[in-house]
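> For reference, the structure I am asking about is given below.
Protein chains in written order, with the working numbering: chain A, 1 to 103; chain C, 1001 to 1208.
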């Protein structure tokens, strides 16, 4: 198993990543109180969340210390499935214009 | 010699090495995490679908108490990931007492997060939020809110129980440092999911 004996793998790095993730959360809070329109706000929020997730997976979960073929087996397939989920949006906008959910 | 002609028990020497150079338990945890990530993604996409299609989506989260509560919950959960990293490091260094101490601090953080979340739920229910009814707008809000945050809360409670069981097993010698590392993956995953739940469910719906 990947033991945390790697020179890169030290507590100082973990603490730095911890503070970066908290700082990014602070950025999300600040973004929430800006008067950006919905789509822009969503895009900014998701971009920050993706950076947080990438930091967490690579540093907290130590995926960067695993073999490259494990990363290749896990990450592209997951991203592909999530991208395919975007096919729902055209129907969501159709519903918005038909307004069946407006009560 | 074909494999069919091998005597029973002779397969051991022919076992293929792990393709990812990790123990099967860790690979299983990674596969679970990936499938769970897709489950949460599907729920968040469904939430986005309903939210986008509903012109009168509610914005019930005031800075106080809702967003302050979310900030506190996020701080606790992210901090518990750090304490779990320290616990894993201690276990790898054969510091049993240190590992147990940090695992229990992590589990306490998780329990505190769950209590704050349940308190928030009761506050919203008191304000009139129900599964298919609320005083603010689209009736779908309650179902989507409780489903997403409820699934995450279930993961946190499950994680607290799992960490406690693994810690007690580690104390008795049943589990080792590798098991702690594997469960730390789960705990970090629960933390990372929260990073998407907060902006999608709370921060996009702040009251102005």
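Glycine included, C-beta positions come from ideal geometry on N, C-alpha and C.
#1: With distances taken between CB atoms, is the gap from residue 1092 (chain C) to residue 1177 (chain C) smaller than 7 Å?
#2: Is the Cβ-Cβ distance between residue 34 (chain A) and residue 48 (chain A) less than 7 Å?
#3: What span of residues does the alpha helix (DSSP H) with residue 58 (chain A) cover, start to end?
#4: Take the Cβ of residue 1154 (chain C) as the centre, count every other Cβ of all protein chains shown within 10 Å, and call the residue buried at 16 or more, exposed below.
#5: In angstroms, rounded to a whole number, what distance separates the CA positions of residue 1057 (chain C) and residue 43 (chain A)?
#6: How many Å lie between residue 1160 (chain C) and residue 1060 (chain C) at the Cα?
#7: For residue 1074 (chain C) and chain A, any beta-carbon pair shorter than 7 Å?
#8: How close, in whole Å, do the beta carbons of residue 1151 (chain C) and residue 1033 (chain C) come, if the pair is a contact with beta carbons under 8 Å?
#9: Along chain A, in chain order, which residues have C-beta atoms closer than 8 Å to that of residue 1195 (chain C)?
#10: Using a Cβ-Cβ distance under 7 Å, would residue 70 (chain A) count as near chain C?
#11: So which residues on chain A does residue 1078 (chain C) lean against when the C-beta distance must stay under 7 Å?
#12: If you measure between the beta carbons of residue 1143 (chain C) and residue 1131 (chain C), is that distance less than 7 Å?
Reading from the atomic positions:
#1: yes
#2: no
#3: No alpha helix (DSSP H) contains residue 58 (chain A), which DSSP labels as neither H nor E.
#4: exposed
#5: 18 Å
#6: 30 Å
#7: yes
#8: About 15 Å; that fails the 8 Å criterion.
#9: 21, 25, 49, 52, 53 and 56
#10: yes
#11: 18, 21 and 22
#12: yes
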